[in-house]
Amino acid sequence: MASFPRSVWLLVAATTVESTGRFMVVPYLSLYMNRAGVALGHLGLVLGAAPVASVLFGAGGGHLADRWGRKPVQILGVATSGLALLGFAFVGANVYALGLLNFLNGMTRTFYRPATNAALADLCPAEKRSEAYALNRIALNAAFGWGPLLGVAIFSAAPKAGFIIAGTLNLLVGLFIALAVPESSAGREQPAPEAT
18 MASFPRSVWL LVAATTVEST GRFMVVPYLS LYMNRAGVAL GHLGLVLGAA PVASVLFGAG
78 GGHLADRWGR KPVQILGVAT SGLALLGFAF VGANVYALGL LNFLNGMTRT FYRPATNAAL
138 ADLCPAEKRS EAYALNRIAL NAAFGWGPLL GVAIFSAAPK AGFIIAGTLN LLVGLFIALA
198 VPESSAGREQ PAPEAT
């Protein structure tokens, strides 16, 4: 464990918390919309908005991370996701608003994750890179396991609380990245060499 730079562990911790918040909402949103009386067909459209956004913007996050830097894109992705998750708590059964928020949530995932992988590559020695990616993937998979369980447990106690908790977690991750995770010079587009 000591062989990894501190920045790698900071990024893995950020992924753990960010992914927990996102995955909490996966079952939670379905239960919430069902209780609010959203028809099954509309429920499917709302849930499908996130994967559609992921496909449409799949390459965008990596491009932005190269152009603007890793940290700005990570912060943009996780903070926008946090606001979208908070928004779920306040739009009721409005299918259009729910669909838009879930679209934003899917889109911002394609910003955060490629920028995080690029940051791991920048901040980790080449010989440890594969292991660093594996650690980050383990964090993601762990959150996929416990996030939905937390979401369902919270839903049974307070139906809107999961959105507020998940959104707050993602906003805190954005603040954490801004304050604690270093940016690398490789995270910005380098000028083209001059012709000779």
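Numbering of the sequence shown is given in my numbering, commencing with residue 18 and proceeding in unit increments.
Where a beta carbon is used, it is the ideal one built from N, C-alpha and C, also for glycine.
All values derive from a computational prediction rather than experimental measurement.
### Message
Please identify the residue among Leu-117, Leu-140, Tyr-150, Gly-104 whose C-alpha is closest to the C-alpha of Ser-24.
### Response
Leu-140
#### Entry: Check whether Met-41 and Gly-179 have beta carbons under 8 Å apart
yes
### Task
Since I believe Pro-176 is in contact with Arg-52 (beta carbons under 8 Å), could you give me their beta-carbon distance rounded to a whole number of angstroms?
6 Å
#### Entry: Exposure of Asn-111, with buried meaning 16 or more beta-carbon neighbours within 10 Å
exposed
### Extent of the continuous alpha helix (DSSP H) run through Pro-89
87-105
### Closest by C-alpha distance to Ser-98, when choosing among Phe-74, Arg-126, Val-108, Ala-82
Arg-126
### Query
For Pro-193, which option in Ala-19, Pro-89, Pro-68, Arg-146 has the closest C-alpha, if you only look at C-alpha atoms?
First, the amino acid is wrong: residue 193 is Phe here, not Pro. For Phe-193, the nearest C-alpha among the options comes from Pro-89.
### Message
For the structure I just gave you, are there three or more beta carbon pairs, one from the stretch 60-76 and one from the stretch 139-155, closer than 8 Å?
### Response
no
### Task
Give the straight-line distance between the Cα atoms of Ser-201 and Val-34, rounded to the nearest whole angstrom.
22 Å
### Task
Return the CA-CA distance between Val-198 and Leu-27, expressed in angstroms with no decimal places.
7 Å
### Message
List, from N- to C-terminal side, the alpha helix (DSSP H) runs of 4 residues or more that fit wholly inside the stretch 57-91.
### Response
57-73, 77-85
### Message
Assuming contact is defined by CB atoms lying nearer than 8 Å, are Val-43 and Gly-168 in contact in what I supplied?
### Response
yes
### Query
By Cβ distance below 7 Å, which residues in the same chain neighbour Leu-188 in space, the five residues on each side in sequence not counted?
Ala-96, Gly-99
#### Entry: Opening and closing residue of the alpha helix (DSSP H) in which Pro-35 lies
According to the sequence provided, residue 35 is Glu. The question's Pro does not apply to it. Counting along the chain, the alpha helix (DSSP H) containing Glu-35 begins and ends at 23-53.
### Cβ distance (whole Å) where Phe-105 is taken to contact Leu-115 below 8 Å
7 Å
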